[in-house]
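Enquirer: In this note's numbering, the protein residues as written are 1197 to 1470. C-beta atoms are modelled at their ideal positions from N, C-alpha and C, and glycine is treated no differently.
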């Protein structure tokens, strides 16, 4: 088990290193000069060169890369070119907001998705089933940004029940949470319906019935999260922020996969042998 875990850990670290390297060089291929954007359109060439020197952008790319990797190894994510603040401080402000939004989106989408899937499976080929699957297919097919605009038009513009933008209170979480969770809800509803229909065909279900047992289971809202920060950073060519944010996203992805792999190995030791 220890050998398997170390192998997966090394794979995770290698993946992160590859992502960090690719992103570092790709962001420098984005059209536009961050030094010019910071100095302003009216700045002279000398002013732009001074900004470029202050940011270290006049150094060879290889040297910039080594300095960046060295900083990461010391826990330094760099400084935002846009705000002049450490990227870690920007993340400290926005990351909790993203966690709150994610929890709201996952909570409602899981509850509604499972309930909708069970409801549809219990009324297979009836109007309830058609209605439930129409909602599910719509949730998968309709673009999230369009759903967001519709929610804003109804609940913020027409009814004035909820704020259209901003962060800070639970009301600010409702519309973006609904928008973000729609696709998850739809996928869960369809998956739950399919699984329930298969289970309802099993022998133990038919036996229970015969015994008389009854049956009764990102930007649009100007929300101050790390997604909005990434969009703003790309627009401003803020290399440090872009690199750090994609590193954070990648870290979440590889850590979750690492944990899942380890749990698989714990639950099924044959995986380690294979």
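State the DSSP-derived secondary structure class of residue 1413, mapped to helix, strand or coil.
Expert: Confidence is the limiting factor: at residue 1413 the pLDDT is only 34, short of 50, which leaves the residue's position unreliable, though a coordinate-based value still follows. Here residue 1413 sits in coil by DSSP.
Enquirer: Below 8 Å on the Cβ atoms is my guess for residue 1251 versus residue 1231; work out the distance and round it to an integer in Å.
Expert: That pair is a contact at about 6 Å.
Enquirer: Consult DSSP for residue 1359 and reduce its assignment to one of helix, strand or coil.
Expert: Residue 1359 falls in the coil class under three-state DSSP.
Enquirer: Considering only C-alpha positions, which residue in the set 1301, 1257 and 1316 is nearest to residue 1222?
Expert: Selected option, being the one with the closest Cα: 1257.
Enquirer: Quick check: the region 1323 to 1333 against the region 1259 to 1269, are at least 3 beta-carbon pairs closer than 8 Å?
Expert: The region 1259 to 1269 vs the region 1323 to 1333: no contact.
Enquirer: Nearest-angstrom Cα distance between residue 1447 and residue 1388?
Expert: C-alpha separation (whole angstroms): 29 Å.
Enquirer: To the nearest angstrom, report how far apart residue 1342 and residue 1323 are at their CA atoms.
Expert: Cα to Cα, the separation comes out at about 27 Å.
Enquirer: With three or more beta-carbon pairs closer than 8 Å as the criterion, would you say the region 1422 to 1431 touches the region 1344 to 1359?
Expert: At 8 Å Cβ cutoff, the stretches do not touch.
Enquirer: Report the residue from 1463, 1303, 1365 and 1281 whose alpha carbon sits nearest the alpha carbon of residue 1384.
Expert: Closest by alpha carbon: 1303.
Enquirer: In chain order, what residues of the same chain have a beta carbon less than 7 Å from the beta carbon of residue 1290, not counting five sequence neighbours either side?
Expert: So the qualifying residues of the chain are 1420, 1421, 1422 and 1425.
Enquirer: Who are the Cβ neighbours of residue 1294 in its own chain at under 8 Å, not counting the five residues just before and after it?
Expert: So the list reads 1421, 1422 and 1423, once near-sequence residues are dropped.
Enquirer: Based on Cα-Cα distance, which residue from 1440, 1456, 1349 and 1310 lies nearest to residue 1381?
Expert: If we check each option's Cα against that of residue 1381, 1310 comes out closest.
Enquirer: Taking the C-alpha atoms as reference points, what is the distance between residue 1413 and residue 1314?
Expert: Bear in mind that a pLDDT of 34 at residue 1413, under 50, signals an unreliable position, so the number given afterwards is only what the model happens to contain. Those two C-alpha atoms are separated by around 6 Å.
Enquirer: Could you pull the start and end residues of the alpha helix (DSSP H) that residue 1283 belongs to?
Expert: Per DSSP, residue 1283 belongs to the alpha helix (DSSP H) from 1283 to 1318.
Enquirer: Compute the Euclidean distance between the alpha carbons of residue 1213 and residue 1372, then round it to the nearest angstrom.
Expert: Rounded to the nearest angstrom, the two C-alpha atoms are 33 Å apart.
Enquirer: Taking residue 1203 as the reference, give the member of 1465, 1281 and 1458 with the closest Cα.
Expert: Taking only the C-alpha atoms, the option nearest residue 1203 is 1458.
Enquirer: Check residue 1240 in the structure and name its three-state DSSP category.
Expert: The answer is coil: DSSP assigns residue 1240 none of H, G, I, E or B.
Enquirer: Rank 1238, 1254, 1274 and 1394 by C-alpha distance to the C-alpha of residue 1434 and give the top, closest one.
Expert: Closest by alpha carbon: 1274.
Enquirer: Suppose the cutoff is 6 Å on Cβ atoms and the five residues either side in sequence are ignored; what does the same chain contact list for residue 1215 look like?
Expert: Closer than 6 Å at the Cβ level, and outside the excluded window around residue 1215, lie 1446.
Enquirer: From the DSSP secondary-structure annotation, give me the bridge partner or partners of residue 1275.
Expert: Partner(s): 1282.
Enquirer: Helix, strand or coil: how does DSSP classify residue 1322 here?
Expert: Residue state, collapsed to three classes: coil.
Enquirer: Give every residue of the same chain whose Cβ lies closer than 8 Å to the Cβ of residue 1209, excluding the five residues on either side of it in the sequence, and list them in chain order.
Expert: Within the same chain, residue 1209 has no close Cβ partners at all.
Enquirer: Compute the beta-carbon to beta-carbon distance between residue 1368 and residue 1362, rounded to the nearest angstrom, for a pair I have assumed lies under 8 Å.
Expert: Correct: roughly 5 Å between the Cβ atoms.
Enquirer: Is the beta carbon of residue 1436 sitting closer than 8 Å to the one on residue 1276?
Expert: In this structure, residue 1276 lies closer than 8 Å to residue 1436 by Cβ.
Enquirer: Note down the Cα distance separating residue 1206 from residue 1438, rounded to an integer number of angstroms.
Expert: If you take the alpha carbons of residue 1206 and residue 1438, they lie about 25 Å apart.
Enquirer: When we look at the beta-carbon of residue 1241 and count the other beta-carbons within 10 Å, is it buried (16 or more) or exposed?
Expert: Counting Cβ neighbours within 10 Å, residue 1241 comes out exposed, since fewer than 16 surround it.
Enquirer: Rounded to whole angstroms, what's the CA-CA distance from residue 1411 to residue 1394? Just pull it up for me.
Expert: Only weak support is given to the placement of residue 1411: the predicted model assigns it a pLDDT of 47, under 50, and the value that follows is read from those uncertain coordinates. Those two C-alpha atoms are separated by around 15 Å.
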